[in-house]
Amino acid sequence: MTELTLAIIKPDAVGRRLAGRILQRIEDGGFHIRAMRRAHLSRRQAEGFYAVHRERPFFASLTAFMSSGPAIILVLEAEDAIKRWRALMGATDPAKAEPGTLRREFAESIERNATHGSDAPDTAAYEIGYFFAGVELVE
Ligand code: CMP
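Letter by letter, the sequence shown follows residues 1082 to 1220 in the numbering used here.
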């Protein structure tokens, strides 16, 4: 059974014109791009997306960064997509990410870390629904 996950190419990566290379790595990694949109999030939209992190000390800085420029938001499909996309991204902190991962290669810092991915099926469902209508995902 295939699975869907929500991926974001974050404003740091889009701003440095890395989106094309990251999209190539997504396709080379065996993911199907089921939906894709470029969006410059408002601060409130970023806060809603990261609501689970609202008590964290980095919440204000994170939501300022995520609303600082356009991002590319995707729904990816693959077998075990959630785990496999997280493996391709690497650890949140690029200093701890394995060689060959997107964050090791492209991230600037633990916050400006190039990409986002859902961490579990329930968060994937929330995050996909936050940006895309169900009707957009019907083949
Ligand atoms: P992401 O996978 O999108 O999930 C939450 C984000 O918060 C994370 O990537 C980073 O961009 C950011 N983040 C996580 N931990 C920290 C931290 N310790 N300091 C700053 N930003 C962080």
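Positions of the beta carbon are idealized from the N, C-alpha and C atoms, including for glycine.
- Secondary structure of H1134 (DSSP, three-state): helix.
- Spatial neighbours of Y1131 in its own chain (CB-CB distance under 8 Å, excluding positions within 5 residues in sequence) are listed in chain order as F1140, L1143, T1144, M1147.
- Cα atoms of F1213 and K1177: separation of roughly 32 Å, rounded to the nearest angstrom.
- Taking all protein chains in view, the Cβ of V1133 is surrounded by fewer than 16 other Cβ atoms within 10 Å, so the residue is classified as exposed.
- Our two residues, E1108 and E1136, have alpha carbons roughly 35 Å apart in a direct line.
- Excluding the 5 residues flanking it on each side, E1158 has same chain C-beta neighbours closer than 6 Å at T1083, L1085, H1113, R1115, in chain order.
- Contact between A1188 and N1194 holds: CB atoms are separated by about 4 Å, below the 8 Å threshold.
- In the pairwise beta carbon analysis, the segment 1155 to 1174 is classified as touching the segment 1085 to 1100: at least three pairs are separated by under 8 Å.
- Taking all protein chains in view, the Cβ of E1160 is surrounded by fewer than 16 other Cβ atoms within 10 Å, so the residue is classified as exposed.
- For R1125, the number of other beta carbons within 10 angstroms of its own is below 16, and it is reported as exposed.
- The ligand CMP has no heavy atom closer than 6 Å to the beta-carbon of F1130.
- With respect to G1101, G1150 sits apart: the two C-beta atoms are not nearer than 7 Å.
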